[in-house]
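Peer 1: Numbering (my numbering), first residue to last: 170 to 347.
Where a beta carbon is used, it is the ideal one built from N, C-alpha and C, also for glycine.
Below you will find the structure I want to go over with you.
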Amino acid sequence: MLEDFDCIENNENKIKNRLYKDYLNNQIIRDQLGLNNFLFKTETAFIDDNYNERGYSDIEVIDLKKSFYSTESSYIIECKRLNGKSPLNKSSLYNAYLKEGIDRFVDEKYPTYYGVNGMLGFFVEKTDIEKQCKFFTKFTEYKFISNFEFSYKSKHITKSGKNLTLYHMMLDFSNKIE
170 MLEDFDCIEN NENKIKNRLY KDYLNNQIIR DQLGLNNFLF KTETAFIDDN YNERGYSDIE
230 VIDLKKSFYS TESSYIIECK RLNGKSPLNK SSLYNAYLKE GIDRFVDEKY PTYYGVNGML
290 GFFVEKTDIE KQCKFFTKFT EYKFISNFEF SYKSKHITKS GKNLTLYHMM LDFSNKIE
């Protein structure tokens, strides 16, 4: 995305929708990245046992092989914008990343079928990303993609006591925001 577009809107949904439409749902890219065993969906609603909506995920990743054996065959990716402000600053997007991102997994608004899910942080202001990520006290550096600098993982316990690992990728969109 950073190479393909001169500018990107400063809007979480538009960034996520471009990622989905132009890359995750593009067969040429899926072939290049070896993603053909996965189906990607956006804005999936999750319903509790009382038929109430628990929440909507940004991207649901369905493992097609596992889906033959179970309806619980997906992973969730939550997307959030971030800026360079301290979490103490009211205009910081840090708290949204926590409350509307990480906490939705911990509070089980989103399912965790395999104890693993992910988050994408879209930095929309020029900042020291490594320094900003130190505010996330549960983050540990974790290189799960070669040649990608800002990837982390965090470990949590959900409200029902399940172990949860979240993988985080921090993407720098600051030079492309219009």
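How close, in whole Å, do the beta carbons of F207 and D232 come, if the pair is a contact with beta carbons under 8 Å?
Peer 2: Indeed, because the Cβ distance is near 6 Å, the residues count as touching under 8 Å.
Peer 1: Taking 7 Å as the cut-off, decide whether the C-beta atoms of S242 and K235 are in contact.
Peer 2: Yes, the pair counts as a contact, with Cβ atoms nearer than the cut-off.
Peer 1: For the segment 274-286 and the segment 295-311, state whether three or more C-beta atom pairs, one from each stretch, are separated by less than 8 Å.
Peer 2: With the cut-off at 8 Å, the segment 274-286 and the segment 295-311 do not touch.
Peer 1: Could you give the DSSP three-state label for E222: helix, strand or coil?
Peer 2: Strand at E222.
Peer 1: Just to confirm my understanding: we take Q196, look at its own chain, exclude 5 residues before and 5 after, and list those with CB closer than 6 Å. What are they?
Peer 2: Cβ within range, chain order: n/a, list empty.
Peer 1: Just grab the DSSP bridge partners of I346 for me.
Peer 2: Answer by DSSP bridge pairing, in chain order: I177.
Peer 1: State yes or no: is the C-beta of K295 within less than 7 Å of the C-beta of S343?
Peer 2: It is a contact, given that the beta carbons lie within the stated cut-off.
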